[in-house]
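Peer 1: Let me begin by handing over the structure; questions about it come next.
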Amino acid sequence: MSPPRLTVDEVTVAFSGLLALDAVSFTVEPGTVHAVIGPNGAGKSSLLNALCGIYPVTGGRILLDEHEVTRLRPDRVAALGVGRTFQNIVVSPQESVLDNLMVGRHRLTRAGLVTTALWLGRREQRRHEARAREIAEFVGLSARLDTTAGRLPFGDLKRLEFARALCLEPRLLILDEPVAGLNTTESRELGQLVLAARRALDLTVVFVEHDMGVVMSIADRITVLDFGKVVAEGAPAEVRRDPTVVSAYLGAPEEPRTGREAERTPQ
Ligand SMILES: Nc1ncnc2c1ncn2[C@@H]1O[C@H](COP(=O)(O)OP(=O)(O)O)[C@@H](O)[C@H]1O
Ligand SMILES: [Mg+2]
Numbered sequence: 017m018s019p020p021r022l023t024v025d026e027v028t029v030a031f032s033g034l035l036a037l038d039a040v041s042f043t044v045e046p047g048t049v050h051a052v053i054g055p056n057g058a059g060k061s062s063l064l065n066a067l068c069g070i071y072p073v074t075g076g077r078i079l080l081d082e083h084e085v086t087r088l089r090p091d092r093v094a095a096l097g098v099g100r101t102f103q104n105i106v107v108s109p110q111e112s113v114l115d116n117l118m119v120g121r122h123r124l125t126r127a128g129l130v131t132t133a134l135w136l137g138r139r140e141q142r143r144h145e146a147r148a149r150e151i152a153e154f155v156g157l158s159a160r161l162d163t164t165a166g167r168l169p170f171g172d173l174k175r176l177e178f179a180r181a182l183c184l185e186p187r188l189l190i191l192d193e194p195v196a197g198l199n200t201t202e203s204r205e206l207g208q209l210v211l212a213a214r215r216a217l218d219l220t221v222v223f224v225e226h227d228m229g230v231v232m233s234i235a236d237r238i239t240v241l242d243f244g245k246v247v248a249e250g251a252p253a254e255v256r257r258d259p260t261v262v263s264a265y266l267g268a269p270e271e272p273r274t275g276r277e278a279e280r281t282p283q
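Mapping to this note's numbering: the sequence shown position 128 is 144, numbers consecutive.
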């Protein structure tokens, strides 16, 4: 199946008077990688949550190709092929890497609502497990399949999150700060992995990221948000030169960063 076009049309998200998103519009062309940047509190995570059906949209429309997904529940949006990762890591620390990946395959199970692989028929389970192993190989986690997720180094944890989103077999992949907390080398590698996944799996990708090195090197287009509004949009080279971006983005204080150890799941 070919990758979808994402259309965000005048989308507004309001929280008791506060406009987290104010008539935000942009289009993500099929098979492209689209970055959303902006200062802390600009509405980036709210936008991703709106795209997945987690936050209620108070105005406007979201379309996946010609299908409107604006008011669908998160599980319905996921069933249409939208996979995502979260800003804060949400893997289960007590479970193995393989089990965490199997959780990612839930929506693909026959019943669609089974909560554990143990409930699957043995043949179906074997098929899902084989695919989970392939995806682990793709992200470089083959050797860690039996490791308890809570014991993984932070870099592997970020890969696991990414791999788990891929396990949904998404057509639209949404990533919230995929390289946050990684060092330069790890960030570059994960960025390249996003591009490799896009090619190998025919994905459309939307991601939020503060690491401008990664944004500029992997994004086809960039939308810049500030105070819930789109303040700029364009190819990386254009956005980098845009004076509005420089003042909105570079003028803001740095997003507070928790250290690698602090972000690590307790063992
Ligand atoms: N669930 C929520 N309830 C109330 N306000 C929220 C909620 N989520 C986000 N906001 C507010 O919306 C604005 C945008 O937040 P967010 O989307 O998290 O920004 P970003 O991800 O760009 O840092 C902020 O003012 C934030 O406080
Ligand atoms: Mg955020």
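Ideal placement from N, C-alpha and C gives every residue a C-beta, glycine not left out.
#1: Quick check on DSSP: helix, strand or coil for A278?
#2: Among G75, V222, A213, E177, which one has its Cα closest to the Cα of R21?
#3: Classify H83: buried if its beta carbon has 16 or more other beta carbons within 10 angstroms, exposed otherwise.
#4: The beta strand (DSSP E) with E254 in it runs from where to where?
#5: Where do the N-terminal and C-terminal ends of the beta strand (DSSP E) with L198 fall, by residue?
#6: Whose beta carbon lies closer than 6 Å to any heavy atom of ligand 2, going through the chain in order?
#7: Check whether the Cβ of F223 lies closer than 8 Å to any Cβ atom in chain B.
#8: Would you report the Cα separation of V52 and M17, rounded to the nearest angstrom?
#9: Start and end of the beta strand (DSSP E) containing F31?
#10: Identify whether E84 lies in helix, strand or coil by the three-state DSSP scheme.
#11: Measure the C-alpha to C-alpha separation of R167 and R187 and round it to an integer number of angstroms.
Peer 2: Taking the structure as given:
#1: Unreliable placement is indicated for A278, whose pLDDT of 38 sits below 50; no coordinate value is reported for it.
#2: V222
#3: exposed
#4: Premise fails: E254 lies in the alpha helix (DSSP H), 252-257, not in any beta strand (DSSP E).
#5: Note, L198: premise wrong, no beta strand (DSSP E); not H, not E.
#6: K60, S61, Q103
#7: The question asks about chain B, but that chain is absent: this structure has only one protein chain.
#8: 25 Å
#9: 22-31
#10: strand
#11: 30 Å
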